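Undergrad: Handing you this structure, nothing more for now.
2 protein chains.
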Amino acid sequence: MGRIAVVGIGPGAIDAMTYDARKALDESDVIIGYQAYTALIRDHYPDKEIVDGQMRRERERCEECLKRAKEGKNVALICSGDAGVYGMASPMLEVAAREGFQDVTIVPGVTAALSGAAVLGAPLATDFCVISLSDLLTPWEVIEKRLLAAADGDFPIALYNPSSHKRAGYLKRACEILLKKLPDDRRCGYVRNIGREGTEMKLCTLAELSDASVDMFVTVFIGSSRTYEAGGRLITPRGYEIQ
Amino acid sequence: MGRIAVVGIGPGAIDAMTYDARKALDESDVIIGYQAYTALIRDHYPDKEIVDGQMRRERERCEECLKRAKEGKNVALICSGDAGVYGMASPMLEVAAREGFQDVTIVPGVTAALSGAAVLGAPLATDFCVISLSDLLTPWEVIEKRLLAAADGDFPIALYNPSSHKRAGYLKRACEILLKKLPDDRRCGYVRNIGREGTEMKLCTLAELSDASVDMFVTVFIGSSRTYEAGGRLITPRGYEIQ
Chain A
1 MGRIAVVGIG PGAIDAMTYD ARKALDESDV IIGYQAYTAL IRDHYPDKEI
51 VDGQMRRERE RCEECLKRAK EGKNVALICS GDAGVYGMAS PMLEVAAREG
101 FQDVTIVPGV TAALSGAAVL GAPLATDFCV ISLSDLLTPW EVIEKRLLAA
151 ADGDFPIALY NPSSHKRAGY LKRACEILLK KLPDDRRCGY VRNIGREGTE
201 MKLCTLAELS DASVDMFVTV FIGSSRTYEA GGRLITPRGY EIQ
Chain B
1001 MGRIAVVGIG PGAIDAMTYD ARKALDESDV IIGYQAYTAL IRDHYPDKEI
1051 VDGQMRRERE RCEECLKRAK EGKNVALICS GDAGVYGMAS PMLEVAAREG
1101 FQDVTIVPGV TAALSGAAVL GAPLATDFCV ISLSDLLTPW EVIEKRLLAA
1151 ADGDFPIALY NPSSHKRAGY LKRACEILLK KLPDDRRCGY VRNIGREGTE
1201 MKLCTLAELS DASVDMFVTV FIGSSRTYEA GGRLITPRGY EIQ
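Given below as structure tokens:
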């Protein structure tokens, strides 16, 4: 019986991966993942079997992993960012648990909330929330409830999946919901192509964010009441006074 | 003029670091950090100057970094976990901005929410919140407000700093607040010594968590309404049905 590692490869560049993640790929017999992610590591493993998965076929991918592991192969199932956060750890563990397969290791990685925050400065320096605007997996009512709760808690927020061609206008909707609770001039920022070629960042207010042009390669950050801009960076103070 | 990199080294083991983090340490002339973190990397840099910082002397550490950079040194300021999340990115950027020093890079790392979740399974598979129970940096009223908001939003929650010798009983207080909104049998778990020798995990209910014995080396996870236990792991489904 082989084993399965669900591996978060970070934002994209090979050096944004942890040594543990790289080791899990090195030690695998086969690497399985959504094709946009296998493309990121293919050149580094010219001699390894790599299986490209299709979008939304997550269950198929997990079953393929299980089948290969049962054939005695060590399998690495890769995800961008972290393995857990909107990643494959959850469906893989669900599929494995149903068949009583135990040997699944989760190898964490740097999720876009952290890598995007690092580009902007330190917007998530204290407590924070992560919310995806994709209603493919979560009903919009729940997303709306979470946005309002995050505003009530004065959390800095990282928004994933702010838009796609099927979900144009979702960021505007989210901003309109937040603007019921938060001021127009709340400090925000967003980052495109984190950790890949052509990384771009922009700082703005919440009112301006509402009209920002974003796509699926953008991660959005909304500050707390204490977040401010200094030296071109977005900063949420840790709490004590820096004099 | 030298440059400053604020580097998240991950949970502790050298292989939990990213290649980018390791590169930032390799390329530095001096490594500065709280002594518990410099201890983690010292053996790997026998020939490098390492400056041990004292607890709570964050501002001093940032000023030392700036002084060294102005003397022409490349400085790596290290944090455990991520550089931003409860890390030194925020105070360093504040100190640098006040003196007009621009050359500060933030190198993200795997924060305990991600590395701890990986040990437990996939509790943070969708939207989530991170909240610290330390009232050294955040007033308890704000922490309480955030706990209630997180429960209202049905977020899975990662709790940092659940206890210390000065703050015994804080986890119990937090659980009592959450139990106003959440059921006794809400699935929870906690992990001690993530990514270090002696990693231990435990799954429990929210009622049981209230009496759990935790210390400053523990990270606590509270599930959402959808979180369940299977195969000995804590799983929050991603949203679609795995059949």
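Chains as they are written, first to last, in the working numbering: chain A, 1 to 243; chain B, 1001 to 1243. Where a beta carbon is used, it is the ideal one built from N, C-alpha and C, also for glycine. Predicted, not measured: the structure shown is a model, and the values here were computed from it.
Quick one: what does DSSP say residue 1018 of chain B is sitting in, helix, strand or coil?
TA: In this structure, residue 1018 of chain B counts as strand in the three-state DSSP scheme.
Undergrad: Are the segment 1011-1018 of chain B and the segment 1054-1066 of chain B touching, with three or more C-beta to C-beta distances below 8 Å?
TA: The segment 1011-1018 of chain B, when compared against the segment 1054-1066 of chain B, does not touch it at the 8 Å Cβ threshold.
Undergrad: For residue 1242 of chain B, which three-state DSSP category applies?
TA: Model confidence at residue 1242 of chain B stands at a pLDDT of 47, short of 50, so the residue's coordinates are unreliable; what they give is reported in the following sentence. Residue state, collapsed to three classes: coil.
Undergrad: Here's the rule I'm using: 16 or more other beta-carbon atoms within 10 Å means buried, otherwise exposed. How should residue 1028 of chain B be labelled?
TA: The residue in question, residue 1028 of chain B, is buried, as its Cβ has 16 or more Cβ neighbours within 10 Å.
Undergrad: Is it right to say residue 20 of chain A is buried, meaning 16 or more other beta carbons lie within 10 angstroms of its own, or is it exposed?
TA: Buried, because 16 or more other Cβ atoms sit within 10 Å of the Cβ of residue 20 of chain A.
Undergrad: Please report the distance separating the alpha-carbon of residue 1184 of chain B from that of residue 1206 of chain B.
TA: If I take the Cα positions, the gap works out to 5 Å.
Undergrad: For the segment 1075-1157 of chain B, list the alpha helix (DSSP H) runs that are entirely contained and at least 4 residues long, ordered along the chain.
TA: Counting whole runs of 4 or more residues, the segment 1075-1157 of chain B contains the alpha helix (DSSP H) stretches 1089-1098, 1112-1120, 1140-1152.
Undergrad: Assuming residue 1109 of chain B and residue 1017 of chain B form a contact by the criterion Cβ under 8 Å, report the distance between their Cβ atoms to the nearest whole angstrom.
TA: Their Cβ separation, rounded to whole angstroms, is 7 Å, which keeps residue 1109 of chain B and residue 1017 of chain B in contact under 8 Å.
Undergrad: Kindly indicate which three-state DSSP category residue 36 of chain A falls into: helix, strand or coil?
TA: Looking at residue 36 of chain A - three-state DSSP - the assignment turns out to be helix.
Undergrad: Any heavy atom of the ligand FMN closer than 6 Å to the beta-carbon of residue 30 of chain A?
TA: No copy of the ligand FMN occurs in the structure displayed, which carries no ligand at all.
Undergrad: So which residues on chain B does residue 23 of chain A lean against when the C-beta distance must stay under 9 Å?
TA: Result: 1015.
Undergrad: Assign residue 195 of chain A to one of two classes, buried (16 or more other C-beta atoms within 10 Å of its C-beta) or exposed (fewer than that).
TA: Buried is the call here.
Undergrad: So with Cβ pairs under 7 Å, would you call residue 61 of chain A a contact of chain B?
TA: By this cut-off, residue 61 of chain A is not an interface position.
Undergrad: To which residues does DSSP link residue 217 of chain A through a beta bridge?
TA: Answer is none; residue 217 of chain A lacks a bridge partner.
Undergrad: Express the C-alpha separation of residue 1172 of chain B and residue 139 of chain A in angstroms, rounding to a whole number.
TA: Looking at the two C-alpha atoms, the distance is approximately 33 Å.
Undergrad: Could you round the C-beta distance between residue 120 of chain A and residue 233 of chain A to whole angstroms and report it? I think they count as a contact, below 8 Å.
TA: Confirmed, Cβ separation roughly 6 Å.
Undergrad: Measure the alpha-carbon distance for residue 188 of chain A versus residue 226 of chain A and round it to whole angstroms.
TA: Each residue's alpha carbon lies about 12 Å from the other.
Undergrad: Would DSSP call residue 48 of chain A helix, strand or coil?
TA: Residue 48 of chain A: coil per DSSP, three-state reduction.
Undergrad: For the candidate residues B:1161, B:1179, B:1181, whose alpha-carbon lies nearest to that of residue 1192 of chain B?
TA: Considering only alpha carbons, the answer is B:1161.
Undergrad: Between the alpha carbons of residue 1228 of chain B and residue 1050 of chain B, how many angstroms are there, rounded?
TA: Near 45 Å, if we compare the C-alpha coordinates of residue 1050 of chain B and residue 1228 of chain B.
Undergrad: Residue 1157 of chain B: which of B:1221, B:1168, B:1175, B:1137 sits nearest, CA to CA?
TA: Ranking the options by Cα distance to residue 1157 of chain B, first place goes to B:1221.
Undergrad: What is the DSSP secondary structure of residue 1174 of chain B, reduced to helix, strand or coil?
TA: Residue 1174 of chain B: helix per DSSP, three-state reduction.
Undergrad: Beta carbon of residue 1186 of chain B, beta carbon of residue 153 of chain A: below 7 Å?
TA: Contact flag unset, no.
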